[in-house]
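The next block holds one structure in the form of structure tokens; read it before the comments.
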Amino acid sequence: MKNAIIYTVLFAALQVVVSIVTQLVWNRLLGNSGVMGTEFMIGTLIAFNVLGLILFLATKWAVVSRNWIRTRPWMVLFWAAMASVGCIVPSMWLQEVMPELPNLMQEGLEELMGSRLGYVVVGLLAPLVEEVVFRGAILRALLKWNQNHWLCIAISAALFGLSHFNPAQMPHAFLAGLLLGWMYYRTGSIVPGIVVHWVNNSVAYAMYNVSMAAYGTGDPTMAQVFGEQRVLLAVLFSLCILIPAIYQLKLRMKRA
Numbered sequence: 092m093k094n095a096i097i098y099t100v101l102f103a104a105l106q107v108v109v110s111i112v113t114q115l116v117w118n119r120l121l122g123n124s125g126v127m128g129t130e131f132m133i134g135t136l137i138a139f140n141v142l143g144l145i146l147f148l149a150t151k152w153a154v155v156s157r158n159w160i161r162t163r164p165w166m167v168l169f170w171a172a173m174a175s176v177g178c179i180v181p182s183m184w185l186q187e188v189m190p191e192l193p194n195l196m197q198e199g200l201e202e203l204m205g206s207r208l209g210y211v212v213v214g215l216l217a218p219l220v221e222e223v224v225f226r227g228a229i230l231r232a233l234l235k236w237n238q239n240h241w242l243c244i245a246i247s248a249a250l251f252g253l254s255h256f257n258p259a260q261m262p263h264a265f266l267a268g269l270l271l272g273w274m275y276y277r278t279g280s281i282v283p284g285i286v287v288h289w290v291n292n293s294v295a296y297a298m299y300n301v302s303m304a305a306y307g308t309g310d311p312t313m314a315q316v317f318g319e320q321r322v323l324l325a326v327l328f329s330l331c332i333l334i335p336a337i338y339q340l341k342l343r344m345k346r347a
């Protein structure tokens with residue numbers, strides 16, 4: 092438990108330190124009048140993710156092995172992707188029916204999602220780095236601490252949610268953390284989680300940009316997208332993807 096908390100605090104602290112350092116460098120290069128726009132934010136996030144990845148791999152806090160992928164678990168990865176697709180609409184519906192939570196990072200998220208370079212952070216670095224840190228290091232440490240794997244998975248999911256520093260994202264991140272943690276526990280590999288994470292973030296990125304073009308907003312209501320009468324049908328259809336995918340994963344996932 093102690094190691095898991097240390098890893099979480101260090102990961103959060105690294106983000107703060109990188110933000111401060113990049114701001115100082117930016118001001119030094121451009122002067123105090125330097126505008127810190129989208130490019131600055133994306134550059135900061137890229138630096139943070141790259142340094143975080145190097146830190147956790149170099150110290151071996153997260154252990155990454157090729158053993159699982161050498162078993163050629165292609166159907167597990169396929170069903171992992173399907174599970175991610177099946178989660179998207181139910182997650183949107185849940186977000187709409189829940190009490191509205193403060194979105195402290197709405198402006199920054201919109202800038203990130205609306206930028207082509209933003210996909211490097213959202214679709215490539217975040218899935219890799221967050222799986223290395225939260226499953227490969229934090230959950231791994233928790234599983235050594237306690238034999239109750241669901242307790243460990245729940246704690247790691249809670250830490251994953253809190254790490255987003257944004258109440259509006261925390262419920263979805265927590266639920267995603269449960270799925271990602273379960274997959275790591277069953278396989279001992281972060282690869283299935285990376286696939287789920289990549290599909291989820293890539294679809295979210297694509298949906299934002301399509302929605303901006305179609306509706307003038309990156310966050311349309313489900314009624315706008317599907318029509319008032321078809322919202323529940325869309326949720327049920329997605330569950331018809333998600334539930335079989337979870338069942339197939341339960342049957343197929345195993346350690347190397």
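First residue of the sequence shown: 92, per the numbering used here; consecutive thereafter.
For every residue, glycine included, the Cβ atom is placed at its ideal position computed from N, Cα and C.
- Within the same chain, and ignoring the five residues on either side of Leu192 in sequence, the residues whose Cβ sits closer than 7 Å to its Cβ are Pro258, Ala259.
- Rounded to the nearest angstrom, the Cβ distance from Phe139 to Val109 is 4 Å, consistent with a contact under 8 Å.
- Arg226 is a Cβ neighbour of Ile281, given a cutoff of 7 Å.
- Secondary structure within the region 167 to 223: the alpha helix (DSSP H) runs of 4 or more consecutive residues, fully enclosed, are 197 to 204, 217 to 221 (chain order).
- In the three-state DSSP reduction, Ser156 falls in the coil class, being neither helix nor strand.
- Within the model, the alpha-carbon separation for Leu144 versus Leu208 is close to 19 Å.
- Bounds of the alpha helix (DSSP H) holding Phe317 are 313 to 317.
- In this model, Thr312 and Asn292 are separated by some 19 Å (Cα to Cα).
- Secondary structure of His288 (DSSP, three-state): helix.
- According to the DSSP assignment, Met261 belongs to the alpha helix (DSSP H) that extends over 261 to 278.
- Assigned with DSSP and collapsed to three states, Lys345 falls in coil, not helix or strand.
- Counting along the chain, Ser254 sits inside no alpha helix (DSSP H), nor does DSSP assign it H or E at all.
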